[in-house]
Every structure is written in structure tokens, then in C-alpha cells.
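Novice:
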Amino acid sequence: MPPANRVPDDLQHLLPLTPAVLFILFALAEGEKHGYAIMQTVSRISENQFRMGPGTLYTTIQRLLDLGLIEETESAGGQSDHENRRRYYKLTRTGKAVLAADISRMESVVRLARDKKLVPKTSE
Amino acid sequence: MTSAVRVSCGLYKMLLFTYPSDFRLRFEREMITTFSDLIYGEWKHNGLPGVARVWRSAVGEVFSVAVPLRLRSPIVIATSLSLLLSIALFMAVFHAMTHVCNGEQFTGSAGARRFRISLAVTGCQPVMRCDPRNSSQSHAIVDEVRVSRF
Numbered sequence: 001m002p003p004a005n006r007v008p009d010d011l012q013h014l015l016p017l018t019p020a021v022l023f024i025l026f027a028l029a030e031g032e033k034h035g036y037a038i039m040q041t042v043s044r045i046s047e048n049q050f051r052m053g054p055g056t057l058y059t060t061i062q063r064l065l066d067l068g069l070i071e072e073t074e075s076a077g078g079q080s081d082h083e084n085r086r087r088y089y090k091l092t093r094t095g096k097a098v099l100a101a102d103i104s105r106m107e108s109v110v111r112l113a114r115d116k117k118l119v120p121k122t123s124e
Numbered sequence: 125m126t127s128a129v130r131v132s133c134g135l136y137k138m139l140l141f142t143y144p145s146d147f148r149l150r151f152e153r154e155m156i157t158t159f160s161d162l163i164y165g166e167w168k169h170n171g172l173p174g175v176a177r178v179w180r181s182a183v184g185e186v187f188s189v190a191v192p193l194r195l196r197s198p199i200v201i202a203t204s205l206s207l208l209l210s211i212a213l214f215m216a217v218f219h220a221m222t223h224v225c226n227g228e229q230f231t232g233s234a235g236a237r238r239f240r241i242s243l244a245v246t247g248c249q250p251v252m253r254c255d256p257r258n259s260s261q262s263h264a265i266v267d268e269v270r271v272s273r274f
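Below is the structure:
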């Protein structure tokens with residue numbers, strides 16, 4: 001059985017992740033969400049620096065579903081027709097591994113930048 | 125506001141026709157639901173500027189998302205190329221005709237005979253004249269090919 005955080009070779013080409021993919025995976029790392037909740041979370045975690053419309057969101061979701069990085073959950077919507085139309089998505093194990101690999105890549109870039117004094121050291 | 129959201133969703137549904145049909149089949153209802161949530165949320169928190177921002181983003185995505193998705197289909201690529209080539213060809217012919225109608229002179233020979241031809245497109249008409257010096261001949265012989273507006 002491969003390690004949990006190992007990115008499959010056929011998905012290595014995804015790294016580094018595009019901003020849309022990174023933020024969607026990031027949002028879903030908090031737990032399963034529907035489209036609008038993903039958009040709100042992305043807006044919050046990026047401090048309104050990254051916004052996307054439904055077109056970008058759902059084309060990216062389609063791609064992530066096809067790649068097996070996220071999956072649709074069985075969560076029932078709610079009482080109203082509006083709620084029933086929602087679909088909920090969650091990260092798969094592969095999705096978590098890809099997100100972890102990209103975060104790790106960024107971490108090493110930041111470490112290198114700090115070593116070269118390109119960014120100020122923060123107190124930790 | 126509810127009616128404004130409904131109208132916005134109706135318009136957005138029409139905008140979704142720019143996306144490929146298989147994509148629409150899979151995500152249309154969800155996209156409309158998300159769009160209505162967005163419009164409602166923006167209206168509540170940011171008012172009209174927020175709604176305008178959502179619309180600007182939705183229209184922008186037609187060009188940045190829907191058109192590239194459409195262009196992945198081989199049929200669309202072939203049709204687009206064919207249309208572009210047709211337009212280019214039409215423009216080239218139109219450009220040439222414009223020069224012709226402006227009375228530019230063309231010189232050419234066809235064996236022993238040379239013709240003066242006046243051609244017109246919309247408002248011009250072709251004219252062939254015999255060279256007066258050679259009017260006795262059974263066929264027209266002219267010095268040059270000339271096209272002029274009629």
C-alpha cells in the first residue's frame with residue numbers, strides 16, 4: 001500500500017497547483033462543502049485576493065472530480081428545492097496528498113527565500 | 125430583491141448556453157443555485173456594486189472559461205477555422221474589388237488579343253470597347269485592361 005501522502009506519478013504534472021485548484025482543495029480540507037460555501041471560504045482564506053465565479057469554480061470542480069482529487073458526497077441538501085439542488089464535495093485521500101505536496105513545496109520555497117534573506121524572518 | 129434575483133438567474137441561465145452541453149447537463153442547476161446565492165449575498169452586503177461585480181465576473185467567464193471549453197471540441201475548431209478562412213477570403217476579394225472599382229488600371233495580354241474591360245460591382249458594370257484603330261477587325265483588340273466606375 002502506498003504511503004498516505006504520496007502523490008501518484010500520473011498526478012505529479014499538477015504540481016505546482018494553479019491558484020483555483022489550490023484554493024478549492026484548501027477550502028475542502030476544512031470539510032465537505034457545496035459550491036457557494038467553497039467560494040466563500042476561498043474568498044475568506046485568500047483575504048479577498050482571489051475571487052472566482054461559478055464558471056471557474058465548476059470547471060475546476062469537474063477537473064478535480066475527473067482526476068479523483070475530490071468526490072461528491074451523499075449529503076442530502078435540505079428541505080427546500082434550493083437546498084436540494086446543492087451538491088457537496090470532499091477531498092479524497094489523493095486530493096489530500098496533492099495538497100500536502102504543494103504546501104510542502106511552497107514551504108521549502110519560503111525556507112529557501114528566508115535562508116537567502118529574500119523575506120524577513122518572522123517570529124514563530 | 126427576490127424578483128431581481130429571479131431575473132438575474134434567468135439571464136444567467138441564458139448565458140450558460142455559451143458553455144458546452146455536456147458541462148451544462150452536469151452543472152447547470154448547481155451553477156444557477158450558486159449564482160443566485162452570490163447575487164443575494166452581494167446585494168445584502170455590498171449592494172448594487174457587489175451585484176455588478178458578480179455580473180462582470182460572470183460575463184468575463186464566458187470569454188475566459190466557456191469559449192476555451194467550446195474550442196476543445198474538434199467540430200468547433202473545424203467550424204471556426206472554416207469561418208475564419210471564409211471571412212479572410214471574402215475580405216481579400218472585397219479589397220481587390222474596391223481597388224478595381226476605384227479605376228485602377230490593369231494590363232494583361234491573352235495571346236494576340238488584348239481586351240479593355242471595365243468592371244463594376246454594385247454601381248459599376250463591365251464595358252468592353254474595341255480599339256478605334258482596329259475597329260475593322262472581327263475581334264476587339266485593345267491596348268490595356270482598364271476598369272472604371274460606371
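Just so you know, the sequences run in chain order A and B.
Count the first sequence with the working numbering and you get residues 1 to 124, in order.
Count the second sequence with the working numbering and you get residues 125 to 274, in order.
Quick reminder that beta carbons are idealized off the backbone N, C-alpha and C, glycines included.
1. Would methionine 106 of chain A count as contacting chain B if we go by Cβ distances under 7 Å?
2. Check the DSSP bridge columns for leucine 91 of chain A and list the partner residues they point to.
3. Out of curiosity, what's the CA-to-CA distance linking alanine 101 of chain A and methionine 52 of chain A?
4. Using a Cβ cut-off of 7 Å, pull out every chain A residue sitting near valine 189 of chain B, in sequence order please.
5. State the DSSP-derived secondary structure class of lysine 33 of chain A, mapped to helix, strand or coil.
6. Under 8 Å by Cβ, that's how I've got histidine 34 of chain A and arginine 86 of chain A pegged, so tell me the actual separation to the nearest angstrom.
7. If the cut is a Cβ gap below 9 Å, which residues of chain A does phenylalanine 218 of chain B touch?
8. By how many angstroms is the C-alpha of serine 206 of chain B removed from the C-alpha of alanine 97 of chain A?
9. For threonine 59 of chain A and lysine 168 of chain B, what's the separation of their Cα atoms in angstroms?
10. Using a Cβ-Cβ cutoff of less than 8 Å, which residues in the same chain neighbour arginine 148 of chain B once the five nearest sequence positions on both sides are dropped?
11. Output the distance between the C-alpha atoms of alanine 128 of chain B and histidine 82 of chain A, rounded to the nearest integer angstrom.
12. Check the Cβ of glycine 31 of chain A against every Cβ in chain B and list those closer than 9 Å, keeping chain order.
13. Comparing C-alpha positions only, which one of B/Ala182, B/Leu172 and B/Ala176 sits nearest to methionine 155 of chain B?
14. With 8 Å as the C-beta to C-beta threshold (strictly closer), list the residues of the stretch 77-95 of chain A near chain B in chain order.
15. Compare the C-beta of methionine 155 of chain B with all C-beta atoms of chain A and state if any pair is closer than 7 Å.
16. Taking only beta-carbon positions, decide if glycine 68 of chain A is within less than 7 Å of chain B.
17. Hey, would you say glycine 68 of chain A sits closer than 7 Å to threonine 94 of chain A, going by beta carbons?
18. Straight-line CA distance for proline 144 of chain B to arginine 111 of chain A?
19. For a contact defined as C-beta to C-beta under 8 Å, what are the partners of glutamine 62 of chain A on chain B?
20. I'd like to know whether the C-beta of glutamate 166 of chain B is nearer than 7 Å to at least one C-beta of chain D.
21. What would DSSP say about leucine 195 of chain B, mapped onto helix, strand or coil?
22. Would DSSP call glycine 53 of chain A helix, strand or coil?
Specialist: In this structure, then:
1. Your numbering for residue 106 of chain A matches position 106 in the first sequence. Methionine 106 of chain A does not count as touching chain B.
2. Within the first sequence, the letter at position 91 stands for residue 91 of chain A. Leucine 91 of chain A pairs with A/Ile70.
3. In the first sequence, residue 101 of chain A corresponds to position 101, counting from 1. In the first sequence, residue 52 of chain A corresponds to position 52, counting from 1. Approximately 24 Å, taken between the alpha carbons.
4. Against the second sequence, residue 189 of chain B aligns to sequence position 65. Result: Gly55, Thr56 and Thr59.
5. Sequence index remark: in the first sequence, residue 33 of chain A carries index 33 (1-based). Strand.
6. Translated into the one-based positions of the first sequence, residue 34 of chain A becomes position 34. Translated into the one-based positions of the first sequence, residue 86 of chain A becomes position 86. The Cβ separation is near 4 Å, so the contact holds.
7. Taking the second sequence and counting its residues from 1, the one referred to as residue 218 of chain B is at position 94. Within chain A, no residue comes near phenylalanine 218 of chain B; the closest Cβ sits about 37 Å away, beyond 9 Å.
8. Numbered from its first residue, the first sequence carries residue 97 of chain A at position 97. Numbered from its first residue, the second sequence carries residue 206 of chain B at position 82. Spanning the two alpha carbons is a distance of roughly 45 Å.
9. By 1-based counting over the first sequence, the position of residue 59 of chain A is 59. By 1-based counting over the second sequence, the position of residue 168 of chain B is 44. Using only the alpha carbons, I get a separation of about 27 Å.
10. The residue you call residue 148 of chain B lines up with position 24 of the second sequence. The residues are Leu140 and Phe141.
11. Your numbering for residue 128 of chain B matches position 4 in the second sequence. Your numbering for residue 82 of chain A matches position 82 in the first sequence. So the alpha carbons of these two residues sit roughly 17 Å apart.
12. Indexing the first sequence from 1 puts residue 31 of chain A at position 31. Per Cβ cutoff of 9 Å: no residues; glycine 31 of chain A is ~18 Å from chain B at best.
13. Stepping through the second sequence from its first residue, residue 155 of chain B is reached at position 31. Methionine 155 of chain B has its Cα closest to that of B/Ala182, out of B/Ala182, B/Leu172 and B/Ala176.
14. His82, Arg85, Arg86 and Arg87
15. Numbered from its first residue, the second sequence carries residue 155 of chain B at position 31. Taking Cβ atoms only, chain A reaches closer than 7 Å to methionine 155 of chain B, which makes this a yes.
16. In the first sequence, the residue the question calls residue 68 of chain A occupies position 68. No, glycine 68 of chain A lies away from the interface with chain B (no Cβ there is under 7 Å from its Cβ).
17. Reading the first sequence from its first residue, position 68 is the one you call residue 68 of chain A. Reading the first sequence from its first residue, position 94 is the one you call residue 94 of chain A. In contact: glycine 68 of chain A and threonine 94 of chain A (Cβ atoms closer than 7 Å).
18. Numbered from 1 along the second sequence, position 20 holds the residue referred to as residue 144 of chain B. Numbered from 1 along the first sequence, position 111 holds the residue referred to as residue 111 of chain A. C-alpha separation (whole angstroms): 43 Å.
19. The residue labelled residue 62 of chain A in the question sits at position 62 within the first sequence. In chain order: Phe147, Arg150 and Phe151.
20. In the displayed structure, chain D is absent; the protein chains listed are A and B.
21. Position 71 of the second sequence, counting from 1, holds the residue named residue 195 of chain B. Correct three-state label for leucine 195 of chain B: coil.
22. Position 53 of the first sequence, counted from the first residue, corresponds to residue 53 of chain A. Residue state, collapsed to three classes: coil.
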